[in-house]
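Okay, so here's the structure we're looking at.
There are 2 protein chains.
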Amino acid sequence: MKPAAYIVDDDEAIRDALTWLFRSRHVESRAWPSAEAFLADWRDDLRGCLVLDVRMGGMSGLQLFDLLCERGARLPVIFLSGHGDIPLAVAAVKKGAYDFVEKPFNDNELVDRVISAMGVDAAHQERRAGQASLASRLTQLTPREREVMDRILAGKYNKVIADELNIAMRTVEVHRARIFEKMGVKSAVELAQLLSGKH
Amino acid sequence: MKPAAYIVDDDEAIRDALTWLFRSRHVESRAWPSAEAFLADWRDDLRGCLVLDVRMGGMSGLQLFDLLCERGARLPVIFLSGHGDIPLAVAAVKKGAYDFVEKPFNDNELVDRVISAMGVDAAHQERRAGQASLASRLTQLTPREREVMDRILAGKYNKVIADELNIAMRTVEVHRARIFEKMGVKSAVELAQLLSGKH
DNA sequence: TGAACAATTGTGGTTATCCGCAACCCGACG
DNA sequence: CGTCGGGTTGCGGATAACCACAATTGTTCA
Chain X
3 MKPAAYIVDD DEAIRDALTW LFRSRHVESR AWPSAEAFLA DWRDDLRGCL VLDVRMGGMS
63 GLQLFDLLCE RGARLPVIFL SGHGDIPLAV AAVKKGAYDF VEKPFNDNEL VDRVISAMGV
123 DAAHQERRAG QASLASRLTQ LTPREREVMD RILAGKYNKV IADELNIAMR TVEVHRARIF
183 EKMGVKSAVE LAQLLSGKH
Chain W
3 MKPAAYIVDD DEAIRDALTW LFRSRHVESR AWPSAEAFLA DWRDDLRGCL VLDVRMGGMS
63 GLQLFDLLCE RGARLPVIFL SGHGDIPLAV AAVKKGAYDF VEKPFNDNEL VDRVISAMGV
123 DAAHQERRAG QASLASRLTQ LTPREREVMD RILAGKYNKV IADELNIAMR TVEVHRARIF
183 EKMGVKSAVE LAQLLSGKH
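Protein chains in written order, with our numbering: chain X, 3 to 201; chain W, 3 to 201.
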């Protein structure tokens, strides 16, 4: 899936104009005439940037944005607004919208912002990939291994862990080795750094 | 220093109105007629919330905000704007302003937002205190100790560290013990968790 | 029922860590 | 000149971690 600008606007003239504009700057784009239509095609692995009209028939751009936020989408969003409503713009940006531009907009400036947003998304994407890989490694730990890991991260000695779990020290050692192996680290310090903040 | 609302506006009528408004809701406040006057009194331990007019004679509210950002101030800022300029509002919020309200504003709503901002500041304050304490502990490490600590955090064995620094293992052990003592931890794992992200 | 997997334990040995005790070198400071 | 802090080192021992080899139980799934 190539990164692209995803346009959602109920005004066909605007959609066409944006499509041509993006094409002229060699930015991939697709357009939908309504939030509902976009949602039908939405997948959580879309990459790039959303360009949303705030005011549309049916679901508004803001409602779509809220919905996508709830679903955990992290696609940067640029709102297009036809009527200077500051509280709306401020609220959108505070919620995490990437930008909010008024119509009529300067063509080149809009594309610049879209490209900038796509760059941000690409950067975030890398971090998300790392976190997903980490999460997948975590899930392949058995419950028992996780109990042991928690205690390792608490800085406890194998002996103490063994007492707490009522098992032999040797068993803790085995779990410990498996944890390191599954998590792809070779010391408790690396494990702590890998999981700092999470868990 | 009690938390308070710090008002900066060149319109005396607004300053007075805000002062009375805050007093009526039992919110401490102080007012300045210009960004320059406020800066003269500014200290980095001010707590609460800044209420800034964007447009003022001399330095504008936005310039003051930028300046404070550069100086590392983390006081939440609420802008007051008399002219519906969306790009300005969006830019301010994207830079981290807490809110942006248009004049004329609803009195109660403004105070609500100020109180909310002050709450956010109080919460951030706790985290800052922790980080400051951490930073102070870090500075009391000697340069040599920091070299050793870096390598401990890289998960290296004392023996390896000794080789890299061309010193005896015993010396590394001594440094290691001092580091743990000064940082108030009792294992490398705790140290890694304490410093994850930083350093 | 047999394979696969999770959890468990033991033995014995190597390597690391952790510490108290003792000591030396050196630059800075009064 | 003497003290103090930072950096250094050695010795010896207690404790913990790491690991290969070997083995037992119970569950799940084909």
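Glycine residues also receive a C-beta, built at the ideal position from the N, C-alpha and C atoms. Since the model is a prediction, treat every value here as computed from it, not as a measurement.
### Residue environment, Q195/W, which counts as buried when at least 16 other CB atoms sit within 10 Å
Buried.
### Query
How far does the beta strand (DSSP E) with G50/W in it reach, from first residue to last?
DSSP places G50/W inside the beta strand (DSSP E), whose first and last residues are G50 to D55.
### Query
Below 7 Å between beta carbons: does that hold for V95/W and A7/W?
A7/W is positioned such that its CB atom lies no closer than 7 Å to that of V95/W.
### Task
Kindly indicate which residue of G132/X, V103/X, R130/X and V122/X has the alpha-carbon position closest to the one of I80/X.
The residue with the shortest Cα to Cα distance from I80/X is V103/X.
### Task
Have a look at G63/X and G84/W and give me their C-alpha separation to the nearest angstrom.
G63/X and G84/W: Cα-Cα distance of roughly 27 Å.
#### Entry: Top-ranked residue by Cα proximity to S36/W, from Y100/W, D46/W and V10/W
Among Y100/W, D46/W and V10/W, the Cα nearest to that of S36/W belongs to V10/W.
### Residues of the region 87 to 103 of chain W whose Cβ lies closer than 7 Å to any Cβ of chain X, in chain order
For the region 87 to 103 of chain W, the residues whose beta carbon sits under 7 Å from a beta carbon of chain X are, in order, I88, A91, V92, V95, K96, D101 and F102.
### Query
Who are the neighbours of K161/X on chain W, taking C-beta pairs under 7 Å?
Per Cβ cutoff of 7 Å: no residues; K161/X is ~14 Å from chain W at best.
### Task
Identify which residue in I88/W, L155/W, L143/W and D109/W has its Cα closest to the Cα of E183/W.
Nearest C-alpha to E183/W among I88/W, L155/W, L143/W and D109/W: L143/W.
### Task
Below 8 Å on the Cβ atoms is my guess for P78/W versus D18/W; work out the distance and round it to an integer in Å.
About 23 Å separates the two Cβ atoms, so there is no contact after all.
### Query
For R32/X, which beta-bridge partners are listed by DSSP?
BP columns for R32/X point to Y8/X.
### Message
Using a Cβ-Cβ cutoff of less than 8 Å, which residues in the same chain neighbour V158/X once the five nearest sequence positions on both sides are dropped?
### Response
The residue asked about is misnamed: residue 158/X is Lys in this sequence, not Val. If you ignore the 5 residues before and after K158/X, its C-beta comes within less than 8 Å of the C-beta of E166, all in its own chain and listed in chain order.
### Message
At the level of alpha carbons, what is the spacing between A134/W and G186/W?
### Response
Those two C-alpha atoms are separated by around 14 Å.
### Query
Closer than 8 Å, Cβ to any Cβ of chain W: which residues of the region 135 to 155 of chain X, in chain order?
For the region 135 to 155 of chain X, the set of residues with a beta-carbon nearer than 8 Å to any beta-carbon of chain W comprises I154 and L155, in chain order.
#### Entry: Beta-carbon contacts of V113/X that lie in its chain and below 8 Å, excluding the five residues immediately before and after
Excluding positions up to five away in sequence, the list reads L23, F24, R27 and V29.
### Chain-ordered chain X contacts of S189/W [CB-CB under 7 Å]
Contact of S189/W with chain X by beta-carbon distance below 7 Å involves G157.
### Query
Where does D47/X fall in DSSP's three states?
D47/X: coil per DSSP, three-state reduction.
### Task
With a threshold of 16 other CB atoms inside 10 Å of the CB of S138/W, please say whether the residue is buried or exposed.
Around the Cβ of S138/W, a 10 Å sphere holds fewer than 16 other Cβ atoms; the residue is exposed.
### Task
Alpha carbon to alpha carbon, how far is D101/W from V92/X? Give it in angstroms, no decimals.
Between V92/X and D101/W, the C-alpha separation is close to 7 Å.
### Task
Report buried or exposed for R45/W, applying the criterion of at least 16 other Cβ atoms within 10 angstroms of its Cβ.
An exposed status is given to R45/W, since fewer than 16 other beta-carbon atoms sit within 10 Å of its beta-carbon.
#### Entry: E147/X to H177/X span [Cα, whole Å]
Cα to Cα, E147/X sits roughly 6 Å from H177/X.
### Message
Just to check my reading of the structure: V174/W and A164/W have Cβ atoms closer than 8 Å, yes? What is that Cβ distance to the nearest angstrom?
### Response
Indeed, because the Cβ distance is near 5 Å, the residues count as touching under 8 Å.
### Task
Whole angstroms is fine: what's the gap from E111/W's alpha carbon to R57/W's?
Answer to the nearest angstrom: the Cα atoms are 21 Å apart.
### Query
Does the beta carbon of Q133/X sit closer than 7 Å to a beta carbon anywhere in chain W?
For Q133/X, the answer is no, since every Cβ of chain W falls outside 7 Å of its Cβ.
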